[in-house]
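Under this note's numbering, the first residue of the sequence shown carries the number 188, and numbering increases by one thereafter.
Shown next, in structure tokens, is the structure this report addresses.
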Amino acid sequence: MDNKLRGAVLEALARGDVEAARRLLADVHREKAYLLGDHYLGRDVADGAARLHALHIALISLLYGEAEAGGVTGADLALASSFARARATCGPVEPPTAPEGLADLYRAAAQELSRLVEELCSRS
188 MDNKLRGAVL EALARGDVEA ARRLLADVHR EKAYLLGDHY LGRDVADGAA RLHALHIALI
248 SLLYGEAEAG GVTGADLALA SSFARARATC GPVEPPTAPE GLADLYRAAA QELSRLVEEL
308 CSRS
């Protein structure tokens, strides 16, 4: 994953910059698309996909706040809510109940989100 992109996401989160978050969400989606293309070439991209998904979740937590619903979208929103709570308390991000077959992705994304929380909390 591009450390410059991760740094830009951290800056937007630290400032609460919604407009930057919207722009960065497009960049994260583009990076995920390239990474998933590597998967089709036979590369193992699970860790990178989880880290990029964590950035996606962090950005939507800024854009949409707390909400929960079912399915993958619900798991994403639950993870975004968990990230928002963790930021407020400087605590760990708990992975949501994930749809079948996606538990490892959500667990890895929650770990990356916890690292983002640690970095953001160390700035204050």
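Cβ coordinates follow ideal geometry from the N, Cα and C atoms, glycine included.
Review point. Leaving out the 5 sequence neighbours to the left and right, which residues in its chain are closer than 8 Å to A201 when beta-carbon positions are compared?
Key: For the purposes of this step, residue 201 is taken as residue 14 along the sequence shown, with counting starting at 1. Only L307 and R310 meet the Cβ criterion.
Point to revise | Beta-carbon proximity of I244 to A207, cut-off 8 Å | key: Locating residue 244 in the sequence shown gives position 57, where the first residue counts as 1. Locating residue 207 in the sequence shown gives position 20, where the first residue counts as 1. No; because the gap between Cβ atoms is not below 8 Å, this pair is not in contact.
**Study point:** Collapsed DSSP secondary structure at L289 in the structure displayed
**Key:** Along the sequence shown, read from residue 1 onward, the residue named residue 289 stands at position 102. Of the three classes helix, strand and coil, the one that applies to L289 here is coil, per DSSP.
Practice item. Determine the extent of the alpha helix (DSSP H) in which E198 is found, giving its start and end residues. Key: For the purposes of this step, residue 198 is taken as the residue at position 11 of the sequence shown. E198 -> alpha helix (DSSP H) spans N190 to R202.
Review point. Taking the C-alpha atoms as reference points, what is the distance between T284 and R294?
Key: Along the sequence shown, read from residue 1 onward, the residue named residue 284 stands at position 97. Along the sequence shown, read from residue 1 onward, the residue named residue 294 stands at position 107. Take the alpha-carbon of T284 and the one of R294: they are about 10 Å apart.
**Study point:** As assigned by DSSP and simplified to three states, the class of G235
**Key:** Here the question's residue 235 lines up with position 48 in the sequence shown. Note: G235 maps to helix in three-state DSSP.
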